[in-house]
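The structure appears below as structure tokens.
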Amino acid sequence: MQNNLYRDFYEKSLVPAGLSDKKALLDIQPDKLHSHLLIGLQGHQEDGREFYHWNVTIYKSDSSGIYDAGKPVYASSLYDRFDDAVEAARNIEKEILSDQLHAVRQQEKIS
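Residues in the sequence shown are numbered consecutively from 256, following our numbering.
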């Protein structure tokens, strides 16, 4: 278990980071072993109810999918529907594959 919210965390994609995204995102937390970005969906249960909000999180990772669960490099706002979070994750994956995550998401909080 790498994530203390493992029951409500779903790994979606492990994507190699492009050169520009590596410089912009991985240099924030430099580590030569981390060459990939892991996209995940994280659920947040609403005060003991069965209702969840979801957000997309991105973690720096190695090529095997080992990631630092304590420090995401990106976390989206919350979505009320799981399907909306999945769609957002797909769009983010496209941004990573085209090496544009850093440019498209620079206005959002990237920690």
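Think of the CB as a built atom: it goes at the ideal place given N, C-alpha and C, for glycine as much as any other residue.
Next on the checklist: Does alanine 358 pass the burial test, meaning 16 or more other C-beta atoms within 10 Å, or should it be called exposed?
Outcome noted: It is exposed - the Cβ of alanine 358 has fewer than 16 other Cβ atoms within 10 Å.
Checklist entry - Where does histidine 299 land, buried or exposed, given buried means 16+ other C-beta within 10 angstroms? => result Histidine 299 should be labelled exposed.
Next on the checklist: Is the separation between the beta-carbon of leucine 333 and that of tryptophan 309 shorter than 8 Å?
Outcome noted: Between leucine 333 and tryptophan 309, the C-beta gap is smaller than 8 Å, which places the two residues in contact.
Checklist entry - So who's on the other strand from phenylalanine 264, going by DSSP bridges? => result Its beta-bridge partners are Gln297.
Next on the checklist: Just to confirm my understanding: we take leucine 292, look at its own chain, exclude 5 residues before and 5 after, and list those with CB closer than 6 Å. What are they?
Outcome noted: Val270, Ala272, Ile313 and Ile351, listed in sequence order.
Checklist entry - How would you label lysine 315, buried or exposed, when you count the other beta carbons within 10 angstroms and need 16 or more for buried? => result With 16 or more Cβ atoms within 10 Å of its Cβ, lysine 315 is classed as buried.
Next on the checklist: Can you tell me where the beta strand (DSSP E) holding isoleucine 313 begins and where it ends?
Outcome noted: Run containing isoleucine 313: 307 to 316, per the beta strand (DSSP E) assignment.
Next on the checklist: With a threshold of 8 Å on Cβ separation, who are the neighbours of glutamate 342 within its own chain once the five nearest residues in sequence on each side are excluded?
Outcome noted: Taken in chain order, the list of residues that qualify is empty.
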